[in-house]
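Numbering (my numbering), first residue to last: 210 to 572. Notes follow the structure.
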């Protein structure tokens, strides 16, 4: 033994409650196509797991919902005893009814109140279920040529600048959603980016692949590049907007008139990058139009730009159309859409019979 030698060991101690500790496991629609849709009666299994150190005995639960259009026809069920580290489902199927007023793509919220023998009872386990097949997570892009680009007419204050963020005034009560979230605030980066519902944002001139952490809020990259709209560089530059049509089917155009940044540029010239974003009210379609993409000092046709959309600065919610490739030309149009939620309306809610069926079950 060497004098003064020491041995060090590390270990993890897990402390488990001596009482039952119940948690929500999984909610499964066990009827029809496994999806809750408008005007249906569905059965539901709700699994409860036990993370505590003792078996949960005499387990009973009540299911409720505060979502308009959702009723619970069978709300009470017992559960088998739930041993530590295991889960169990309800003995009696819950029955969940939906009427015709609930929207496809909506979310139904449920409260599951569970009683059992032991400390900590009752416990409330909340969960949500979608109505219908959920909308697609990401946007898809479709491109075409030969399109006429719309022209904005209302100048956005502060946009005749380089590397700036400006606030874009939305049309009154404009009904548009990005990634399923209603649009309440819109900002534009002079470098060809729209930022949705951001409390603040910082202009970023160096573009790249998506997602990009510089824009943490949902962002649309119409033509993200190092652009300049200063009056000393561009003649008639800036960001311009235009509202078309009448609610609820209006469109809102946001147009950039810019030049790619060039060191030493001192004489104003016409825009070499002229492009427009069109937001469609109600159906949430996005269109990108490219009127001039000749570039200057390189970068023509988007060869040095990024085009795409992202839901956040990290993660997998984004769609990249192009990055550093010549992907657009004069007259190009790109349409961005998300597949909507899908629902098949059922024959009636719980306890209701189709019109051609009598109470005895015969036509």
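No residue lacks a Cβ here, since even glycine has one placed at the ideal position from N, Cα and C.
Spatially closest choice to residue i from the options, by CA coordinates
{"i": "residue 307", "options": "273, 234, 546", "result": "273"}
{"i": "residue 433", "options": "533, 461, 296", "result": "533"}
{"i": "residue 247", "options": "253, 312, 283", "result": "312"}
{"i": "residue 238", "options": "484, 546, 299, 347", "result": "299"}
{"i": "residue 448", "options": "457, 371, 423, 470", "result": "371"}
{"i": "residue 324", "options": "340, 341, 352, 287", "result": "287"}
{"i": "residue 229", "options": "310, 250, 330, 505", "result": "330"}
{"i": "residue 315", "options": "560, 550, 425", "result": "550"}
{"i": "residue 292", "options": "326, 310, 305, 283", "result": "326"}
{"i": "residue 406", "options": "414, 378, 400, 421", "result": "378"}
{"i": "residue 328", "options": "398, 275, 227", "result": "227"}
{"i": "residue 343", "options": "410, 285, 388, 310", "result": "388"}
{"i": "residue 453", "options": "361, 440, 269, 528", "result": "361"}
{"i": "residue 347", "options": "525, 537, 552", "result": "525"}
{"i": "residue 518", "options": "411, 402, 243, 535", "result": "402"}
Nearest-angstrom Cα separation, counted from residue j out to residue i
{"i": "residue 391", "j": "residue 427", "result": "11 Å"}
{"i": "residue 277", "j": "residue 395", "result": "31 Å"}
{"i": "residue 494", "j": "residue 488", "result": "6 Å"}
{"i": "residue 354", "j": "residue 463", "result": "20 Å"}
{"i": "residue 302", "j": "residue 267", "result": "18 Å"}
{"i": "residue 255", "j": "residue 554", "result": "24 Å"}
{"i": "residue 566", "j": "residue 557", "result": "Confidence at residue 566 is low in this model, with a pLDDT of 37, below 50, so its placement is unreliable and the value that follows should be read with caution. Distance between the alpha carbons of residue 566 and residue 557: 12 Å."}
{"i": "residue 279", "j": "residue 317", "result": "7 Å"}
{"i": "residue 414", "j": "residue 384", "result": "30 Å"}
{"i": "residue 181", "j": "residue 270", "result": "The chain is shown only over 210 to 572; residue 181 falls outside these bounds and no answer can be derived."}
{"i": "residue 369", "j": "residue 349", "result": "32 Å"}
{"i": "residue 500", "j": "residue 484", "result": "6 Å"}
{"i": "residue 418", "j": "residue 544", "result": "20 Å"}
DSSP three-state assignment for residue i, whether helix, strand or coil
{"i": "residue 275", "result": "coil"}
{"i": "residue 541", "result": "strand"}
{"i": "residue 509", "result": "helix"}
{"i": "residue 490", "result": "coil"}
{"i": "residue 424", "result": "coil"}
{"i": "residue 306", "result": "strand"}
{"i": "residue 326", "result": "strand"}
{"i": "residue 483", "result": "strand"}
Boundaries (first-last residue) of the beta strand (DSSP E) holding residue i
{"i": "residue 234", "result": "231 to 238"}
{"i": "residue 348", "result": "It is not in any beta strand (DSSP E) - residue 348 carries neither H nor E in the DSSP assignment."}
{"i": "residue 432", "result": "428 to 433"}
{"i": "residue 497", "result": "495 to 502"}
{"i": "residue 339", "result": "332 to 339"}
Beta carbon proximity, residue i to chain C, threshold 8 Å
{"i": "residue 372", "result": "Looking at the structure shown, chain C is missing, and only one protein chain is on hand."}
Looking at C-beta atoms only, is the number of pairs between the region 466 to 481 and the region 433 to 444 that lie closer than 8 Å three or more?
-> By the Cβ rule, the region 466 to 481 counts as touching the region 433 to 444, because three or more pairs are nearer than 8 Å.
Should the region 355 to 365 be called in touch with the region 441 to 456, which here means at least 3 C-beta pairs below 8 Å?
-> yes
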